Amino acid sequence: MNPPSEVPSLFGFSKQLRLRRRPEFTRTMDNGTKIVTPYLVMIGRRSSGSATRIGFIVSKKVGGAVTRNRVRRRLRELFRKIPDRPLGMDLVVIARGQAAGAEFEALSQALTFALGKVDQRLQKDAARALALANSSLG
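If you want it as structure tokens, here you go:
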């Protein structure tokens, strides 16, 4: 086994960018907005941190352990490669059964589309809440 490197990896996916504990997942899933595509379901909510964190759920409906891990790796890499992802969000991505047989490009389009839609809805909700707060003050 190799010792841990002092230099951060260019291809890593640090713990600060992941949802790791059950309460983080449930908080996002209970209070988030949901977008459904043929390959995945994305649930997102605004977070208090500045980084966008993501967690993946790939159930046995997708396939065996090898298939599930491959889908998870592909989704993680696609998210990592998005150059201008929105900041300050917690996201949960639930892979659907068709994700196992999806082409890399189709999965990429689904993830990018869902991320854009979640961000758009959260911005709209924030603007609506701000307008409501301003109207109640005035």
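Everything in the sequence shown is counted per our numbering, starting at 119 for the first residue and increasing by one. The C-beta atom is built at its ideal place from N, Cα and C for all residues, glycine as well. No experiment lies behind these values; they were computed from the predicted model shown.
message: Can you look up A244 in the DSSP assignment and give me helix, strand or coil?
response: Taken through DSSP and simplified to helix, strand or coil, A244 comes out as helix.
- prompt: What does a CB cutoff of less than 8 Å around A244 pick up in its chain, not counting 5 residues either side in sequence?
  reply: Closer than 8 Å at Cβ, skipping near neighbours: R164.
task: Could you spell out the range, first to last residue, of the alpha helix (DSSP H) harbouring A169?
output: It is not in any alpha helix (DSSP H) - A169 carries neither H nor E in the DSSP assignment.
message: Just verifying my parser: in three-state terms, what is the DSSP assignment at V125?
response: With a pLDDT of 48 at V125, under the threshold of 50, the modelled position of this residue cannot be trusted, and the question is left open.
query: Using the rule of at least 16 other Cβ atoms within 10 Å of the residue's Cβ for burial, across every protein chain shown, is S226 buried or exposed?
result: Flag for S226 reads buried.
Residues bridged to M147 [DSSP beta-bridge criterion]: Bridge partners of M147: none, in fact.
- prompt: To which residues of the same chain is R192 closer than 7 Å at the C-beta, ignoring the five residues directly before and after it?
  reply: Answer for R192: F222, L225, listed in chain order.
- request: Out of L137, V159, T146, point me to the one whose CA is closest to R214's CA.
  value: Comparing alpha-carbon positions, the option among L137, V159, T146 lying closest to R214 turns out to be V159.
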